[in-house]
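Here is the structure we will look at, set down as structure tokens.
Chains as they are written, first to last, in the working numbering: chain S, 152 to 500; chain E, 152 to 500.
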């Protein structure tokens with residue numbers, strides 16, 4: 152956090168108007184649908200013939216992030232991306248976000264600015280407008296709440312409940328990297344605590360560190376689906392781990408699934424570090440979460456359209472509900488999937 | 152809080168699916184514009200020819216509420232109302248909300264249910280749909296983030312920047328009550344701490360307690376304006392105190408204002424308790440906040456249309472920017488208004 156402490160302005164020095172101005176003066180409006188952004192009781196969005204999609208996520212210090220490892224700018228970026236990922240999972244285009252932040256009064260204006268800098272960067276990259284929010288105090292930790300708005304024509308929207316028997320189960324990108332990145336950061340932090348003279352060993356793991364610290368939302372897939380002339384029958388983003396998300400789609404669609412361990416795409420860095428840390432790589436993919444890739448199903452008739460696309464991997468297929476949701480392990484054994492979900496509510500670290 | 156402790160289910164007992172189901176199974180959809188509510192990556196809203204209005208507020212324990220005084224059900228209700236109030240201030244109709252809650256894992260499922268019960272009650276009263284959200288852990292206090300969506304035709308929307316010289320400045324309802332209600336709760340809490348055998352003296356102050364604990368949003372005004380054939384030139388809700396809001400409208404509209412102490416509507420309970428506690432009642436109205444009434448301006452030509460309406464009081468008029476924003480006190484002295492704004496960021500109690 153040394154970088155955050157160059158210049159320190161207390162929030163009370165600026166006062167209400169000064170702080171709002173300082174945090175929001177770099178915000179640009181990029182969408183014609185944003186009729187009114189920050190500066191009134193509410194923002195105004197022009198939906199025209201489109202449907203409006205809305206999603207929200209709350210990130211709390213010590214649960215979703217640890218300020219020991221996460222630079223504030225990355226935190227701002229990620230808190231936007233996780234919401235855009237939900238919009239992408241509806242096959243909609245993200246257009247606006249609102250942001251609420253609660254901080255201890257010990258937090259400096261410069262620290263808040265870094266969070267906003269990351270948020271602005273995400274807005275720029277994804278062409279999204281920051282149109283409102285709330286900055287307030289917390290008695291203790293940092294809390295970030297982001298709500299994202301997106302738009303799509305009705306016929307473009309993809310729900311979780313449309314998967315049909317024999318559909319192919321696909322994922323974008325690769326899985327397990329964000330979880331292994333977190334394991335690496337936690338390991339190096341423990342080593343550092345034991346001996347502050349030891350330098351952290353992070354070389355060779357850039358990719359998985361970035362997967363953890365600066366994930367991206369697959370907003371590119373909507374266009375790829377259009378180009379491939381494929382419309383997924385069901386889709387969601389992979390935030391809690393592949394296992395939990397496959398179970399969600401199956402339960403909402405009233406079907407079962409079979410996924411194949413050997414097909415689940417994983418980067419070499421993910422596999423190498425998992426081996427080094429005696430973690431089964433498939434566990435990182437199934438239960439690790441935070442990859443923000445998309446999980447979707449397509450009719451088997453579309454196999455030829457997707458099979459050679461570098462961003463898409465077929466990992467299994469939909470079966471009858473009576474067959475359950477199973478992983479076919481390397482040796483051929485079938486293992487029933489279990490949902491981890493909200494680790495954060497189950498045991499507080 | 153004795154009532155909260157009748158039955159205590161730990162959040163981890165229910166797990167992800169169980170908790171979502173338990174908190175959301177009473178949620179009803181009331182708006183045809185809600186195409187998809189809870190249960191997918193995002194909610195979907197059909198805006199048709201309307202413009203979509205969006206606003207968000209974050210409430211944190213110890214800053215915005217104290218669980219010592221505030222029943223959880225009231226807290227849930229209020230956290231929805233403060234957002235609907237912002238939608239009403241745009242002259243739009245609130246239609247959907249999303250809710251994010253962060254709690255310590257020591258919080259019980261029953262406690263969370265009480266918050267949701269209050270939220271559902273507010274949704275029922277205001278005809279709003281709860282369409283999504285996030286329930287997660289916090290390391291410490293309770294955090295509630297609500298985002299509200301509303302709709303209006305473009306020509307109905309009222310911004311903060313339209314006030315013109317000579318416009319009348321009006322408020323709905325009465326002011327200062329919520330602040331005096333808070334003072335009463337804090338006083339009785341101090342007495343109780345000094346001597347737990349003393350019963351709190353709350354009788355005779357039902358109105359101001361309700362103003363603090365269970366405020367309402369003036370979503371009724373849109374219809375009243377239509378009936379009176381009046382369209383405000385500028386409007387905002389009174390959440391931070393009359394003084395701060397008058398200054399907002401003046402600064403956004405590039406005008407000044409003169410408001411009259413004798414005209415500011417206050418309930419007798421507000422005045423009585425203020426006198427008893429040696430607080431100048433006008434200070435409660437100017438700087439107290441949380442009344443969630445509407446402050447608006449109308450052309451002077453509309454005076455006859457509004458003068459006899461029981462919900463509307465004219466408290467002053469718009470002047471040239473060069474004249475500043477002033478309160479004309481009882482004796483005729485002019486006092487420059489000052490904005491309190493975010494008390495919460497200035498000094499943490």
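Using N, Cα and C, we set each Cβ at its ideal position, and we do this for glycine too.
From this set, 262(E), 248(E), 193(E) and 183(E), which residue's C-alpha is nearest residue 161(E)'s C-alpha?
-> 262(E)
Where residue 444(S) and residue 412(S) are concerned, what is the direct C-alpha to C-alpha distance, given to the nearest angstrom?
-> 17 Å
Return the Cβ separation of residue 476(E) and residue 318(E) in integer angstroms, given the expectation that the two are a contact with Cβ distance under 8 Å.
-> Contact flag wrong, Cβ pair sits at about 14 Å.
Is residue 428(E) helix, strand or coil when you go by DSSP?
-> coil
With distances taken from CA atoms, which of 478(S), 285(S) and 374(S) is nearest residue 409(S)?
-> 478(S)
Near residue 482(S), which residues of its chain fall below 8 Å by C-beta distance, leaving aside the five closest residues on each side in sequence?
-> none
Of the choices 185(E), 264(E), 250(E) and 246(E), whose alpha-carbon is the least far from that of residue 222(E)?
-> Here the closest residue by C-alpha is 264(E).
Which residues, in chain order, does the region 270-284 of chain E contribute to contact with chain S at a C-beta distance below 9 Å?
-> 282, 283 and 284
Is it right to say residue 452(E) is buried, meaning 16 or more other beta carbons lie within 10 angstroms of its own, or is it exposed?
-> exposed
Runs of beta strand (DSSP E) lying entirely within the region 311-372 of chain E, each at least 3 residues, in chain order = 319-323
Under 8 Å between C-beta atoms, does residue 372(S) make it to chain E?
-> no
Take residue 125(S) and list the residues in its own chain whose beta-carbon comes closer than 6 Å to its own, dropping the five residues that flank it on each side.
-> With chain S represented from 152 up to 500, any question about residue 125(S) goes unanswered, as that position is not in the structure.
Would the beta-carbon of residue 247(E) fall within 8 Å of that of residue 196(E)?
-> In this structure, the beta-carbon distance from residue 247(E) to residue 196(E) falls below 8 Å.
Residue 181(E) versus residue 348(E) - alpha carbon distance = 47 Å
By the criterion of Cβ-Cβ separation under 8 Å, what are the contact partners of residue 292(E) in chain S?
-> 289, 290 and 291
Take residue 398(E) and list the residues in its own chain whose beta-carbon comes closer than 7 Å to its own, dropping the five residues that flank it on each side.
-> 476, 488 and 490
How is residue 190(E) classed by DSSP in three states: helix, strand or coil?
-> Under the three-state reduction of DSSP output, residue 190(E) falls in the coil class, being neither helix nor strand.
Return the first residue and the last residue of the alpha helix (DSSP H) that residue 270(E) is part of.
-> 260-277
Please name the residue in 387(S), 258(S) and 426(S) whose C-alpha comes closest to that of residue 446(S).
-> 387(S)
Chain S contact for residue 443(E) (CB, 8 Å cutoff) | no
Mark residue 324(S) as exposed unless 16 or more other C-beta atoms lie within 10 angstroms of its C-beta, in which case mark it buried.
-> buried
Give a yes or no on whether 8 Å exceeds the smallest Cβ distance from residue 197(S) to chain E.
-> yes
Scan the region 197-230 of chain S and note each continuous beta strand (DSSP E) run of 3 residues or more that stays entirely inside, going in chain order.
-> 202-211
Leaving out five residues before and five after residue 355(E) in sequence, what residues of the same chain have Cβ atoms less than 6 Å from its Cβ?
-> When the five nearest sequence neighbours on each side are left out, no beta carbon in the same chain lies closer than 6 Å to the beta carbon of residue 355(E).
Cutoff 7 Å; reference residue 358(S); Cβ partners in own chain excluding five residues on either side = Within the same chain, residue 358(S) has close Cβ partners 328, 418 and 420.
How about residue 296(E) and residue 207(E): do their beta carbons lie closer than 8 Å?
-> It is a contact, given that the beta carbons lie within the stated cut-off.
Closer than 8 Å to chain S by CB, residue 212(E) = True, the Cβ-Cβ gap to chain S drops below 8 Å.
Run the CB neighbour count on residue 500(E), radius 10 Å, all protein chains shown included, and call it buried at 16 or more, exposed below.
-> For residue 500(E), the predicted model reports a pLDDT of 30, less than 50, meaning its position is unreliable and no value from the coordinates is stated.
Euclidean distance between Cα positions of residue 466(E) and residue 414(E) | 5 Å
Taking just the CA atoms, how far does residue 294(S) sit from residue 155(S)?
-> With a pLDDT of 45 at residue 155(S), under the threshold of 50, the modelled position of that residue is not reliable, and the figure given next carries that caveat. Distance between the alpha carbons of residue 155(S) and residue 294(S): 18 Å.
So which residues on chain S does residue 238(E) lean against when the C-beta distance must stay under 8 Å?
-> 192 and 193
Tell me which same chain residues have a C-beta within less than 6 Å of the C-beta of residue 416(E), skipping the five on either side of it?
-> 325 and 464
Partner residues on chain S for residue 301(E), Cβ-Cβ distance less than 8 Å | 193
Is DSSP giving residue 126(E) helix, strand or coil here?
-> Because chain E here runs from 152 to 500, residue 126(E) falls outside it and cannot be looked at.
Buried/exposed call for residue 433(S), threshold 16 Cβ in 10 Å | The residue is buried, with at least 16 neighbouring Cβ atoms inside 10 Å.
With DSSP run on the structure shown, which of helix, strand or coil describes residue 470(E)?
-> strand
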